[in-house]
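K.L.:
Numbering (this note's numbering), first residue to last: 14 to 159. The structure follows.
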């Protein structure tokens, strides 16, 4: 076996045939595939974390919108004389419902003041941070009808 160097490429003469060693070895290909695979795993993990964050944010925004709508309904019902009640958000969101309870909190300038606690219940998201206290809101309103 003799080795020749021609144009910067090493070639070996083996039994009458020539073989140029200008390609990649199996080890180099395996290392490149391992790096590519680990990079793909990191990117997939980042993608799924972004999807999870998007879903959590969507649920929080939806719950906040429902709380605000329920606060408006509760205010109207307290003004009409009902100190407790419940309802839902229609056929589009059948898994969500709200309830409220009002209690006298004193009087201000001769007008009765009520503390109203509104809570929204929805499907469990499976996360530990979604406790019932997170889905409640308290407001104070005057009852102008009395």
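Glycine is no exception: its CB is placed at the ideal position from the N, C-alpha and C atoms.
Which stretch, first to last residue, makes up the alpha helix (DSSP H) that contains residue 135?
P.N.:
In the chain shown, the residue the question calls residue 135 occupies position 122. Premise fails: residue 135 is in no alpha helix (DSSP H) and is neither H nor E.
K.L.:
May I ask you to list the residues that DSSP assigns as paired with residue 77?
P.N.:
As a position in the chain shown, residue 77 is number 64, starting the count at 1. Answer is none; residue 77 lacks a bridge partner.
K.L.:
What's the C-alpha gap between residue 74 and residue 59?
P.N.:
As a working mapping, residue 74 is identified with position 61 in the chain shown. As a working mapping, residue 59 is identified with position 46 in the chain shown. Answer to the nearest angstrom: the Cα atoms are 22 Å apart.
K.L.:
Using the three-state DSSP reduction, which class does residue 151 fall into: helix, strand or coil?
P.N.:
Against the chain shown, residue 151 aligns to sequence position 138. Look at residue 151 here: in three-state DSSP terms it is strand.
K.L.:
Grouping DSSP H, G and I as helix and E and B as strand, with all else coil, what is residue 62?
P.N.:
In the chain shown, residue 62 corresponds to position 49, counting from 1. Of the three classes helix, strand and coil, the one that applies to residue 62 here is helix, per DSSP.
K.L.:
Count the other CB atoms, across all protein chains shown, that sit within 10 Å of the CB of residue 43; report buried if there are 16 or more and exposed otherwise.
P.N.:
The residue labelled residue 43 in the question sits at position 30 within the chain shown. Note on residue 43: under 16 other CB atoms within 10 angstroms of its CB, so exposed under the neighbour-count rule.
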